[in-house]
């Protein structure tokens, strides 16, 4: 049985640390891969660049994707994921501080599974990460054969 992994795509070191802390605090012990820009996320998922040796058949259980990313923005990452048959079904949760209605609409148009605005309050952020981890890593089932 392959361990379920979570891909966190986040360029803000503070938000990355908060998310990781919240997941670990609530015993989400799955492997967490962090990509700090959109290009790194795509390279990881498609086995390119620094990840050329990675087994691309091993897909994350869920991707937590920020929108405002360097190199390749989150909406472009989402569009590339959904246009590829191998990654089309991977659940993607947009986890962003964007309050722009257009970002919300476009995310769903491109196939996001969920859209969560990052709470500003620390305790709310911890609770949101706990709920995300519990639902997407424990309760949700994926169609591409991993348990």
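Numbering (full-length UniProt numbering), first residue to last: 1 to 147. A virtual CB, placed ideally from N, CA and C, is assigned to each residue, including glycine. In this text, all values refer to a predicted model and were calculated from it rather than measured experimentally.
If we ignore side chains and look at the alpha-carbon of each, how far apart do residue i and residue j end up?
i	j	result
residue 123	residue 56	36 Å
residue 147	residue 28	Residue placement at residue 147 is poorly supported in this model, since its pLDDT is 38, which falls under 50; the coordinates are not used for a value here.
residue 9	residue 143	22 Å
residue 106	residue 65	14 Å
residue 36	residue 133	19 Å
residue 138	residue 112	19 Å
residue 109	residue 101	12 Å
residue 13	residue 75	20 Å
residue 81	residue 3	21 Å
Who does residue i pair with in a DSSP beta bridge?
i	result
residue 9	35 and 65
residue 92	63
residue 116	95
Would you say residue i and residue j are within 8 Å of each other, going by their C-beta atoms?
i	j	result
residue 77	residue 52	no
residue 90	residue 59	yes
residue 15	residue 69	no
residue 26	residue 130	yes
Any Cβ of chain C within less than 8 Å of the Cβ of residue i?
i	result
residue 99	Absence of chain C from the displayed structure is noted, only one protein chain being present.
Give a single yes or no on whether residue i has its beta carbon closer than 7 Å to a heavy atom of the ligand MN.
i	result
residue 41	Among the ligands in the structure shown, none appear at all, so the ligand MN cannot be discussed.
Mind reading off the beta-carbon distance from residue i to residue j? Whole number of angstroms is fine, and I expect it under 8 Å.
i	j	result
residue 126	residue 22	4 Å
residue 72	residue 38	3 Å
residue 104	residue 62	Not a contact, Cβ separation roughly 19 Å.
residue 172	residue 32	This structure leaves residue 172 out entirely; the chain is present only between 1 and 147.
Exercise. Is the stretch 112-121 close to the stretch 89-98, with three or more CB pairs under 8 Å?
Worked result: The stretch 112-121 is in contact with the stretch 89-98.
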